[in-house]
Amino acid sequence: MKPELLIKNARIIDPSQKIDKVGDVLVLDGKIAKIGEKSIASAHKDITVIDATGFILSPGFIDLHCHLREPGFEDRETIATGTRAAAAGGFTTICCMPNTNPPLDNRATIDYVKQRTEDEGAIRVLNVGCITKGRQGKELTEMYELADAGVVGFSDDGEPVSSSRVMYLAMEYSRLLNLPIIDHCEDKDLANGGVMNEGWVAARLGLKGIPAAVEEISIARDIALIKLTGARLHIAHVSTEGSVELIRNAKEKRLAITAEVTPHHLTLTDERVMVSPARKNKYLTYDTNTKVNPPLRTEKDIAALLKGLNDGVIDAIATDHAPHTSADKMCEFGLAAFGISGFETSLGCLMGLVHKGQLDVITLLSKLTREPAKIIGSRHGELGTLKPGCHADITIFDPAREWTVDSQSFTSKGKNTPFDGYQFKGKVLATIAAGNIVYQDASIKLAGK
Amino acid sequence: MKLIESKSGAATTETFPPPSISNWHHRHILDLDDFTREEIELVLEIGDAMAEILTREVKRVPTLRGKTIVNLFYEPSTRTRSSFDLAAKNLSADTINLDASKSSIAKGESLIDSLRTLRALGADVIVMRHSQSGAPYLAAQHVNTSIINAGDGWHAHPSQALLDLYTIRRHLSKFNDLKVVLIGDIKHSRVAHSNIWGMTTMGAKITLCAPQTLLPYGLADFISKCHVPDVSVEPDIESALKEADVVMPLRLQLERQQSGLLPTLREYIQLYQLNEKRLSLAKPNALVMHPGPINEGIEISPEVAHGAQSVIEEQITNGITIRMALFYLVAGGKANEA
Numbered sequence: 001m002k003p004e005l006l007i008k009n010a011r012i013i014d015p016s017q018k019i020d021k022v023g024d025v026l027v028l029d030g031k032i033a034k035i036g037e038k039s040i041a042s043a044h045k046d047i048t049v050i051d052a053t054g055f056i057l058s059p060g061f062i063d064l065h066c067h068l069r070e071p072g073f074e075d076r077e078t079i080a081t082g083t084r085a086a087a088a089g090g091f092t093t094i095c096c097m098p099n100t101n102p103p104l105d106n107r108a109t110i111d112y113v114k115q116r117t118e119d120e121g122a123i124r125v126l127n128v129g130c131i132t133k134g135r136q137g138k139e140l141t142e143m144y145e146l147a148d149a150g151v152v153g154f155s156d157d158g159e160p161v162s163s164s165r166v167m168y169l170a171m172e173y174s175r176l177l178n179l180p181i182i183d184h185c186e187d188k189d190l191a192n193g194g195v196m197n198e199g200w201v202a203a204r205l206g207l208k209g210i211p212a213a214v215e216e217i218s219i220a221r222d223i224a225l226i227k228l229t230g231a232r233l234h235i236a237h238v239s240t241e242g243s244v245e246l247i248r249n250a251k252e253k254r255l256a257i258t259a260e261v262t263p264h265h266l267t268l269t270d271e272r273v274m275v276s277p278a279r280k281n282k283y284l285t286y287d288t289n290t291k292v293n294p295p296l297r298t299e300k301d302i303a304a305l306l307k308g309l310n311d312g313v314i315d316a317i318a319t320d321h322a323p324h325t326s327a328d329k330m331c332e333f334g335l336a337a338f339g340i341s342g343f344e345t346s347l348g349c350l351m352g353l354v355h356k357g358q359l360d361v362i363t364l365l366s367k368l369t370r371e372p373a374k375i376i377g378s379r380h381g382e383l384g385t386l387k388p389g390c391h392a393d394i395t396i397f398d399p400a401r402e403w404t405v406d407s408q409s410f411t412s413k414g415k416n417t418p419f420d421g422y423q424f425k426g427k428v429l430a431t432i433a434a435g436n437i438v439y440q441d442a443s444i445k446l447a448g449k
Numbered sequence: 001m002k003l004i005e006s007k008s009g010a011a012t013t014e015t016f017p018p019p020s021i022s023n024w025h026h027r028h029i030l031d032l033d034d035f036t037r038e039e040i041e042l043v044l045e046i047g048d049a050m051a052e053i054l055t056r057e058v059k060r061v062p063t064l065r066g067k068t069i070v071n072l073f074y075e076p077s078t079r080t081r082s083s084f085d086l087a088a089k090n091l092s093a094d095t096i097n098l099d100a101s102k103s104s105i106a107k108g109e110s111l112i113d114s115l116r117t118l119r120a121l122g123a124d125v126i127v128m129r130h131s132q133s134g135a136p137y138l139a140a141q142h143v144n145t146s147i148i149n150a151g152d153g154w155h156a157h158p159s160q161a162l163l164d165l166y167t168i169r170r171h172l173s174k175f176n177d178l179k180v181v182l183i184g185d186i187k188h189s190r191v192a193h194s195n196i197w198g199m200t201t202m203g204a205k206i207t208l209c210a211p212q213t214l215l216p217y218g219l220a221d222f223i224s225k226c227h228v229p230d231v232s233v234e235p236d237i238e239s240a241l242k243e244a245d246v247v248m249p250l251r252l253q254l255e256r257q258q259s260g261l262l263p264t265l266r267e268y269i270q271l272y273q274l275n276e277k278r279l280s281l282a283k284p285n286a287l288v289m290h291p292g293p294i295n296e297g298i299e300i301s302p303e304v305a306h307g308a309q310s311v312i313e314e315q316i317t318n319g320i321t322i323r324m325a326l327f328y329l330v331a332g333g334k335a336n337e338a
């Protein structure tokens, strides 16, 4: 028996049950035992009590899109460090992308990740399997077997399937499994080695641009293909206004499409490549920590993404946590790796939108819990909810706590964040995964009974 | 500050030592976007003083004796590197020329490590040419030495823009309201980019003349966001050249055609080559400039390149002058700010 846990006097927000009230939550044996108004009493002697007065308690966050780098790139991240970094960010379930080495294109590599998670992981790790063998875009993986091994969807992520025929076949075949194709939408031919958003900042910096059309062309193709096949499609890290419109139209036609957006695409523009507000530097920064794919876009795109998030066109927020070594980033902008280490800054960054009135906290939490849970489905148990009997996956955060991002204190091996030195308001204080406290801020005091 | 005088009392007008540089505060020369009009004028004035040295029988002053200047070139270059090298030698600096393709860099050493090594070897100034835009900015952030950008990717080439301004100033009395026409591959041209900053800061108006494939995307936003209203676009060469005071065709890299930005060189020549007929549309004494190296018969006809209005060879000589001025300013005795 795990020790019991009683969280007292929190503002409980659970979008899956439309709950928003102040009360207590009791956890027994890794499951939610009871949630309710005020003062749940427990008869158990071996109980830990957390006083959450003034804090928000929600179902544990779910990240549909991250990179744990294991196997193959353990210098960037491991399952041990990555799951702890995720826990520090309030996540209790994360879906890792298959661009490992070897890639997650067969049952053996997926079993390896599952075993490593069991041995070393702090939270639930679900896998995304490859669409094609070796992410080569040519032959389909054994998708049925991957589904049997527990994958939540199929993606070749950063090497998206360029052949429309192969993508068509993948979608047709995926219908056996009722799992989504998750597409990193990028027309590599048009992107042509670009390194940042195409626009005046790229012109200013002399850097090769990636036009918005790179993403939109690929989304438009995928939508045409789900119309043809009836397959489920999930669009990863949407970054442009045009993409939001394409997805909106597809949803209006009742196609089986969902989409996610990242915290950085919701808050930073391409101008951040050039200037850093947190650093006093009179020179152009060419900040490689802002180099990400898809690239940071413009204010117009951010406005469309926020609107899409608010009116339901965009279902979920995902971090696209992509840790890199300092050597991968301490180099010329054009040669630096794409990616942002995102687990530990996501809530602080997103709460900024709440404080500015651009997003309400219930919508935010829905995009981090209920909505991604719907995309994953129920085969890993009911996720993203505080319903009694379900996994006790819980995040407690202080919406008003101010803190300064210090990348060097990250739990993640990846210190590559554009938010270093930023002041955030809103901080995760405790993360509970299957009833275990997997992250706890120094300010949280546990009491026994 | 006090300069050490040359012993060979020159017969020419004595303009050395140059004007006071007490107002100078640039530790690095990365681009001209952070230069004021006064600062550019100071560089040009010091250029005059340096030009005087070049007229002497012994073209050498001991100003930078004991200083070490490294020319670190990650891209092949003949004229720019020779120009920096000569400029440094004329000021009696020790110079090291590093061809990055033959050094440890080719063995995988990172840029920052290479620069730190050069600093440890005693480099006072590092002149850097790099194929990646922004590389000298990375250098300036991580290495405690003066960096002079000798061209980074598509981004900037400040010494070239300064020598262009210097050349214009020797022929035309003022910069205000001069019409400068840049023709051709603006998008990939660091020379064009630095000239946009330098020329507009000095009060000139710039017309960019090129097909859309050779212009940066988002140029209208660039012009408004970067506050350079004196930059305009005119894709038609005949219209662009009208009333021009300075005409500068840019080198057309042959790979631009190969990568599909142009259908054929033939069509480019038909549409954009600066020839005598087109040049006649500009003001009668308009200057013809070119950053080199020239593709004669492509962006410029041989008659124009070597014609009476061409100052292309003079630009090369002025390059030494201006680079001497830059070395003098960043290493010439005034204590560098930290």
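Chains as they are written, first to last, in our numbering: chain A, 1 to 449; chain B, 1 to 338.
Beta carbons: idealized from backbone N, C-alpha and C, even for Gly.
Keep in mind it's a predicted model, so treat the numbers as computed, not measured.
The continuous stretches of beta strand (DSSP E) do not include A:Q408, and DSSP gives it neither H nor E. The Cβ neighbour count for A:E4, taken over all protein chains shown within 10 Å, is at least 16; the residue is labelled buried. Of the candidates B:E267, B:I168 and B:S101, B:I168 places its Cα closest to the Cα of B:Q309. Under the criterion of beta carbons closer than 8 Å, A:L205 and A:M274 qualify as touching, at roughly 6 Å. One alpha carbon belongs to B:E303, the other to B:D94, and they sit about 40 Å apart. DSSP places B:T68 inside the beta strand (DSSP E), whose first and last residues are T68 to F73. Distance between A:G242 and B:G307, taken at the CA atoms: about 52 Å. DSSP, reduced to helix, strand and coil, places A:C130 outside both helices and strands of the structure shown, so it counts as coil.
Residues V22 and I56 of the same chain have their beta carbon placed closer than 6 Å to that of A:R11, with the five preceding and five following residues left out of the count. Between the alpha carbons of B:G203 and A:P418 lies a distance of about 37 Å. Counted as a single uninterrupted DSSP element, the beta strand (DSSP E) harbouring A:H234 occupies residues L233 to I235. In this structure A:P59 does not touch A:T269 by the C-beta definition: roughly 31 Å separates them, more than the 8 Å allowed. With a beta-carbon spacing of about 11 Å, A:P399 and A:V428 fall beyond the 8 Å limit used to define contacts.
Around the CB of A:R297, 16 or more other CB atoms lie within 10 Å, so the residue is classed as buried. Residue contact check for B:K225 against chain A: a CB pair falls below 8 Å.
Cα atoms of B:L32 and A:V214: separation of roughly 33 Å, rounded to the nearest angstrom. Annotation: A:L347 to A:T100 spans about 26 Å, alpha carbon to alpha carbon. Listed in chain order, the beta strand (DSSP E) elements of length 3 or more contained wholly in the region 240-321 of chain B are 246-249.
Positions of the alpha helix (DSSP H) runs, each at least 4 residues long and wholly inside the region 328-400 of chain A, are given as 346-355, 361-368 and 370-376 in order along the chain. Comparing alpha carbon positions, the residue from B:D164, B:L91 and B:E299 closest to B:E267 is B:E299. Close to chain A, meaning a Cβ-Cβ distance shorter than 8 Å, are the following residues of the region 146-170 of chain B: D152, G153, W154, H155 and A156.
Interface residue (Cβ-Cβ distance to chain A less than 8 Å): B:F222 is classified as such. Excluding the 5 residues flanking it on each side, B:W24 has same chain C-beta neighbours closer than 6 Å at L329, in chain order. Counting only residues of its own chain and dropping the five nearest sequence neighbours on each side, B:R323 has a CB closer than 7 Å to the CB of S83, F84, A87 and S159. The straight-line gap separating the alpha-carbon atoms of B:V231 and B:L208 is approximately 7 Å. Non-local beta-carbon contacts of A:L28 in its own chain, meaning distances under 6 Å to residues more than five positions away in sequence, involve E4 in chain order. Close partners of B:S110 in chain A (Cβ separation under 8 Å): A327, M330 and C331. With respect to chain A, the C-beta atom of B:A135 has a partner C-beta closer than 8 Å.
With a cut-off of 8 Å on Cβ pairs, the region 193-201 of chain A is not in contact with the region 162-176 of chain A, counting fewer than three such pairs. Within chain B, no C-beta atom comes less than 7 Å from the C-beta of A:G414; the nearest is roughly 18 Å away.
With respect to the C-alpha of A:S163, the residue from A:N436, A:A191 and A:T132 having the closest C-alpha is A:T132. For A:W200, the neighbours in chain B by C-beta distance under 9 Å run, in chain order, P216, Y217, G218, L219, A220, D221, F222, I223, S224, K225 and C226.
Taking 8 Å as the CB threshold, A:L335 lines the interface with chain B. Less than 8 Å divides the Cβ of B:I237 from the Cβ of B:Y272. Leaving aside the five residues that flank A:A434 on each side, the residues in its chain whose CB is nearer than 7 Å to its CB run, in chain order, G30, H391, A392 and D393.
Note on geometry: alpha-carbon atoms of B:A120 and B:R129 lie some 20 Å from one another.
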